[in-house]
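Inspection log for the structure reproduced underneath, given as structure tokens.
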């Protein structure tokens, strides 16, 4: 097969199927015209080296084909600053969480190898997961936004009325919250099907039977909360919806946390190991403390949201 | 004050800025040339002859993009015993070209005063 045909075939392989014949036919015509012109200049038929010299400036077939595609980026300039801010924040949180886990394991007297394993391998996996999820979610949002062309088409008259901000939280915060909720929902949904997750990454601990009772309620609350956040992201002006949705999901979440507090040991030893039993006691105590902290934080933030919402209503109607 | 660009990077920087400057001009040049119907090969030669050589592999994707935006119309026709795709400015393309030429003249006048 001639070099030109080999080049055109390689380009064809990277083109959208619907346009392959059309684009390749046009390129072939142009290249043949160049070959003829060059052969006339040289006064002899072209050698393979001559043909290669003419083809080289067109670039690798993959790059040439890519120029026919309308989209050359994953996350566009409109969304990139939000993506970058979210990614930095999420990676920072992941580092802090893993630092806390490492310190907890070290304080609990775990072997140094295990501590370093969590610090090294665990942190690397977590950072990679955070990067992947945040990038994936923002890329999908950008594709959807490009389709809808809503980022550029906006009307200042659609800005919310009233004196208070449309949303007490910025869109970045809501988007970040949504990304974390999606990551949690994925892990939670996968837990019953993954030995690795049930045994907490092959640690000496595993989830106790009490978790099975709460599996569906937690999943339902997280998905409902994600739906509410997605609506808030698109329509931050729906203050009543935002407040009611937040109230309902928070009440449900606090209810589940309170039931979990009285559900006995949530973590159990994976096998007959005296050191694992000591670790289980520390871990269960730690979980209970974190549930109490989460309940208090949720109650306070909901109370603040309620006050802000009622002040906003008062400002709008006075 | 220290220089922000190392001397060996100046060449690359100039090249990037030059490409950026030419990119917008190229669209205007292509639209202007296609007031008369042409196929890709002759269009590229015309542009090069007029002092605006186009990078290999840039012209055809640009023509496709302008066509998908409704600024160009095209048809396959046989000429010199070869099938060629001929491009010409569409009605929308003529209107856009008119506006772009006005814009270009404004920019040209402003820059001429400044430079």
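Chains as they are written, first to last, in the working numbering: chain W, 85 to 402; chain G, 2 to 116.
The C-beta atom is built at its ideal place from N, Cα and C for all residues, glycine as well.
Item to complete: Would you give the residue range spanned by the alpha helix (DSSP H) that residue 98/G belongs to?
Response: Counting from one through the second chain, the residue named residue 98/G turns up at place 97. Counting along the chain, the alpha helix (DSSP H) containing residue 98/G begins and ends at 92-115.
Item to complete: Using a threshold of 8 Å, state whether the C-beta atoms of residue 63/G and residue 97/G are closer than that.
Response: Your numbering for residue 63/G matches position 62 in the second chain. Your numbering for residue 97/G matches position 96 in the second chain. Not closer than 8 Å, so no.
Worksheet item: Under 8 Å Cβ-Cβ, which residues of chain W neighbour residue 84/G?
Response: For the purposes of this step, residue 84/G is taken as the residue at position 83 of the second chain. Going along chain W in sequence order, the residues near residue 84/G (Cβ under 8 Å) are 109, 113.
Worksheet item: Any C-beta of chain G sitting closer than 8 Å to the C-beta of residue 319/W?
Response: Indexing the first chain from 1 puts residue 319/W at position 235. It does not; no Cβ of chain G falls within 8 Å.
Worksheet item: residue 365/W: buried (16+ other C-beta within 10 angstroms of its C-beta) or exposed?
Response: Taking the first residue of the first chain as position 1, residue 365/W is located at position 281. Per the 10 Å Cβ criterion, exposed.
Fill in: Exposure label - residue 119/W; buried when at least 16 CB within 10 Å
Position 35 of the first chain, counting from 1, holds the residue named residue 119/W. Buried: at least 16 other Cβ atoms inside 10 Å.
Fill in: alpha helix (DSSP H) segment containing residue 218/W, residue limits
On the first chain, position 134 is the one that residue 218/W refers to. Taken as a continuous stretch (DSSP letters only), the alpha helix (DSSP H) holding residue 218/W covers 207-232.
Worksheet entry | Start-end ranges of the beta strand (DSSP E) lying completely within the region 275-340 of chain W, minimum 3 residues | 289-291
Worksheet item: Going by other Cβ atoms of all chains shown within 10 Å of its Cβ, with 16 needed for buried, is residue 182/W buried or exposed?
Response: Indexing the first chain from 1 puts residue 182/W at position 98. It is buried - the Cβ of residue 182/W has at least 16 other Cβ atoms within 10 Å.
Worksheet entry | Residues bridged to residue 79/G [DSSP beta-bridge criterion] | Against the second chain, residue 79/G aligns to sequence position 78. Partner(s): 84/G.
Fill in: One or two residues paired with residue 378/W in a DSSP bridge
Along the first chain, one-based indexing puts residue 378/W at 294. In DSSP, residue 378/W forms no bridge with anything.
Discussion item. Within the continuous alpha helix (DSSP H) that includes residue 195/W, where are the two ends?
Written reply: In the first chain, residue 195/W corresponds to position 111, counting from 1. Residue 195/W -> no alpha helix (DSSP H), and no H or E assigned at all.
Discussion item. So the candidates are 229/W, 374/W, 297/W; which of them puts its Cα closest to the Cα of residue 163/W?
Written reply: Taking the first residue of the first chain as position 1, residue 163/W is located at position 79. Cα-wise, what sits closest to residue 163/W is 229/W.
Worksheet entry | For residue 352/W, three-class secondary structure by DSSP | Here residue 352/W corresponds to residue number 268 of the first chain, with the count starting at 1. It is a strand residue.
Worksheet item: Hey, does residue 157/W have any beta-carbon neighbour from chain G nearer than 8 Å?
Response: Here the question's residue 157/W lines up with position 73 in the first chain. Cβ-Cβ to chain G under 8 Å: no for residue 157/W.
Worksheet item: With distances taken between CB atoms, is the gap from residue 139/W to residue 87/W smaller than 8 Å?
Response: Along the first chain, one-based indexing puts residue 139/W at 55. Along the first chain, one-based indexing puts residue 87/W at 3. Yes, the pair counts as a contact, with Cβ atoms nearer than the cut-off.
Discussion item. What does the alpha-carbon distance come out to for the pair residue 403/W and residue 147/W?
Written reply: Here chain W has residues from 85 to 402 only, and residue 403/W is not among them.
Discussion item. Restricting to Cα atoms, I'd like to know which of 168/W, 283/W, 161/W is closest to residue 350/W.
Written reply: For the purposes of this step, residue 350/W is taken as the residue at position 266 of the first chain. Measuring from the Cα of residue 350/W, the nearest candidate turns out to be 283/W.
Fill in: Closest Cα partner of residue 257/W within the set 274/W, 172/W, 329/W
Position 173 of the first chain, counted from the start, is the residue given in the question as residue 257/W. Measuring from the Cα of residue 257/W, the nearest candidate turns out to be 172/W.
Item to complete: Output yes or no for whether 8 Å exceeds the beta carbon distance between residue 313/W and residue 261/W.
Response: As a first step, residue 313/W is located in the first chain; it is residue number 229 there, counting from the start. As a first step, residue 261/W is located in the first chain; it is residue number 177 there, counting from the start. Taking 8 Å as the Cβ cut-off, residue 313/W and residue 261/W qualify as a contacting pair.
Item to complete: Examine chain G for any beta-carbon lying closer than 8 Å to the beta-carbon of residue 91/W, and answer yes or no.
Response: As a working mapping, residue 91/W is identified with position 7 in the first chain. Judged by the 8 Å Cβ criterion, residue 91/W is not in contact with chain G.
Discussion item. Does residue 83/W come out as helix, strand or coil in the three-state DSSP assignment?
Written reply: Residue coverage of chain W in this structure runs from 85 to 402, which leaves residue 83/W outside it and unanswerable.
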